[in-house]
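Enquirer: Encoded as structure tokens, here's the structure I'll be asking about.
The structure is reproduced here in structure tokens:
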């Protein structure tokens with residue numbers, strides 16, 4: 029949420045990188061720098077930079093990019109009409125072995141499918157999220173409420189008069 033502050037930390041750290049640093053650290057920093065660029069409005073170069081960080085660590089399935097960096101990138105891509113298909117693909121296939129991400133990925137897929145007009149897939153994703161997180165901690169209940177409302181929107185339930 030503070031890309032200018034992130035730049036003040038990332039740029040010097042990246043400038044000091046050399047072959048003695050582990051690839052996962054270098055790739056992670058490059059990925060974060062790409063997200064920083066996106067947050068500052070440089071979308072095309074930011075996505076390319078984040079993807080280059082992913083390549084440094086060996087791809088999307090790497091633990092560094094199977095975490096918050098790749099999730100944020102996939103969420104960003106899925107939120108934009110021009111990159112939504114790529115974001116959906118990353119959400120669908122990039123976290124299959126990361127079970128801790130399953131609920132939030134389903135929520136994000138629901139949002140992306142709904143934005144794309146695919147109500148059936150949106151309903152399935154929101155439904156899966158709710159099955160997994162219906163009794164989530166109180167700090168996550170706003171997402172649960174949002175998913176319930178979205179599920180009603182995409183299925184038309186609750187809008188019918190009885």
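Residue numbers (the numbering used here): 29 to 190. Glycine is no exception: its CB is placed at the ideal position from the N, C-alpha and C atoms. Remember, it's a predicted structure, so these values are computed and weren't measured experimentally.
Given residue 135, which residues of its chain have a CB within under 7 Å of its CB, disregarding the five upstream and five downstream residues?
Expert: Counting only Cβ-Cβ distances below 7 Å, and skipping sequence neighbours, we find 157, 171 and 175.
Enquirer: Which whole runs of the alpha helix (DSSP H) in the stretch 62-142 are 4 residues long or more, in chain order?
Expert: Listed in chain order, they are 71-84, 96-107 and 112-121.
Enquirer: Take residue 144 and list the residues in its own chain whose beta-carbon comes closer than 7 Å to its own, dropping the five residues that flank it on each side.
Expert: Answer for residue 144: 112, listed in chain order.
Enquirer: Would the beta-carbon of residue 64 fall within 8 Å of that of residue 99?
Expert: No, they are not a contact pair.
Enquirer: For residue 168, collect the residues of the same chain with a Cβ closer than 7 Å to its Cβ; drop the 5 residues on either side in sequence, then sort them by chain order.
Expert: 161.
Enquirer: Is it buried or exposed for residue 49, if we count other Cβ within 10 angstroms and need 16 for buried?
Expert: Flag for residue 49 reads exposed.
Enquirer: Which residues mark the beginning and the end of the alpha helix (DSSP H) in which residue 147 is found?
Expert: Its alpha helix (DSSP H) spans residues 147-161.
Enquirer: Just the C-alpha distance for residue 125 and residue 95, rounded to the nearest angstrom, thanks.
Expert: C-alpha separation (whole angstroms): 11 Å.
Enquirer: Start and end of the alpha helix (DSSP H) containing residue 174?
Expert: Residues 169-183.
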